[in-house]
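These protein sequences, in sequence, are chains A and B. Using the working numbering, the first residue of the first sequence is number 1, and each one after it goes up by one. Using the working numbering, the first residue of the second sequence is number 103, and each one after it goes up by one. Here the structure comes first, spelled out in structure tokens, and everything after it is commentary.
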Amino acid sequence: MDIGLNHYLVVGLLVFLAGLFTVLTRRNAIGVLMGVELVLNSANINYIAFSRFGSGGYEGQIFSIFVIMLAAAEAAIGLAIVLGIYRKFKTIDVEEVDSLRG
Amino acid sequence: MIYAALFYGVALFTVAGAFGVAFSENVVYSAFALMATLLGAAGLYVFLLADFVAAVQLLVYVGGILVLTLFAIMLTHQISEVEVSNRAVGRWPALGLVGFVGVGMATALLRAPWKLGEGTAARAAGEGTTYGIGDSFLGPYLLPFELASIVLLTALVGAIVLSRKELRD
Numbered sequence: 001m002d003i004g005l006n007h008y009l010v011v012g013l014l015v016f017l018a019g020l021f022t023v024l025t026r027r028n029a030i031g032v033l034m035g036v037e038l039v040l041n042s043a044n045i046n047y048i049a050f051s052r053f054g055s056g057g058y059e060g061q062i063f064s065i066f067v068i069m070l071a072a073a074e075a076a077i078g079l080a081i082v083l084g085i086y087r088k089f090k091t092i093d094v095e096e097v098d099s100l101r102g
Numbered sequence: 103m104i105y106a107a108l109f110y111g112v113a114l115f116t117v118a119g120a121f122g123v124a125f126s127e128n129v130v131y132s133a134f135a136l137m138a139t140l141l142g143a144a145g146l147y148v149f150l151l152a153d154f155v156a157a158v159q160l161l162v163y164v165g166g167i168l169v170l171t172l173f174a175i176m177l178t179h180q181i182s183e184v185e186v187s188n189r190a191v192g193r194w195p196a197l198g199l200v201g202f203v204g205v206g207m208a209t210a211l212l213r214a215p216w217k218l219g220e221g222t223a224a225r226a227a228g229e230g231t232t233y234g235i236g237d238s239f240l241g242p243y244l245l246p247f248e249l250a251s252i253v254l255l256t257a258l259v260g261a262i263v264l265s266r267k268e269l270r271d
């Protein structure tokens, strides 16, 4: 059986579901961010699979590069926020950080 | 035949890493499982003839984001502290929701009549993808490319402002 589009879509789906589960269950803020990275990666796998098997050109790969760029920005900002939260609350448990006042 | 075996190996590596991130108790182990997923995804991009994106994935994700994540983990836990694990909450409701979403999406993607075409295979075989991608970035995608630069600059400044030491007066 040839490796076709559906193989890659199933891999993307499984990675997405793992990421969703991570986001839903983690109490560590960094764990939640790692779940977001998984979801972004699954989107990238789908983009590039459609770029390879679809009828367009390089658009899918270009979008995936933009996604990687935004993921880098998101990781930098998110981890800076996590470090700020840690300095303030001495914990990064997302259930205990429930105060909006600084 | 070897191609298929290699593909299944890389795909299994990727998915196993993703489930490692989801189910491991220790957040440091999660980070290393994330590395497996990112490397596996780069391998899948090679299978999909996207050499440039695979290189970017290795440089930015594995070399940048993952190291940043590990630094953040180390900075937010005392190194002497053995208890790095984090208990998960609400596993069964989350599993139910994930199963529901998964079944829905799997039905959709296996039934949808995808419009397939030539794809990038023919063009990528000749000259690699870097030429075409660079051409698009300096042609039709010039404005998004410049906006991406502004987003990165803003993120850089924002990260510095957020994580610097608070100096009063």
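For glycine and all other residues, C-beta sits at the position ideal for the given N, C-alpha and C. This one's a predicted model, so the numbers in the text were calculated from it and none came from an experiment.
At least one CB atom of chain B sits nearer than 8 angstroms to the CB of S51(A). For the 8 angstroms CB-CB criterion, L218(B) and G54(A) form a contact. Per the C-alpha coordinates, the member of I81(A), R101(A), T91(A) positioned closest to S265(B) is I81(A). Only residues of its own chain outside the window of five on either side were considered, and among them F247 have a CB closer than 6 angstroms to the CB of F239(B), listed in chain order. If you draw a 10 Å sphere on the C-beta of T232(B), you find fewer than 16 other C-beta atoms in it, and that means exposed. Setting aside the 5 residues that flank it on each side, A43(A) is surrounded in the same chain by V67, each with a C-beta closer than 7 angstroms to its C-beta; the list follows chain order. Among the residues facing chain B, A43(A) is not included, as its CB has no counterpart in that chain under 8 angstroms away. Boundaries of the alpha helix (DSSP H) harbouring Q61(A): 59-89, taken from the DSSP string. Using a CB distance cut-off of 8 angstroms, L100(A) does not count as an interface residue toward chain B. At the C-beta level, A152(B) and S51(A) come within 8 angstroms of one another. Proximity of the region 136-148 of chain B to the region 103-116 of chain B meets the contact definition, three or more beta-carbon pairs being nearer than 8 angstroms. Counted as a single uninterrupted DSSP element, the stretch harbouring L150(B) is not any alpha helix (DSSP H), since DSSP gives it neither H nor E.
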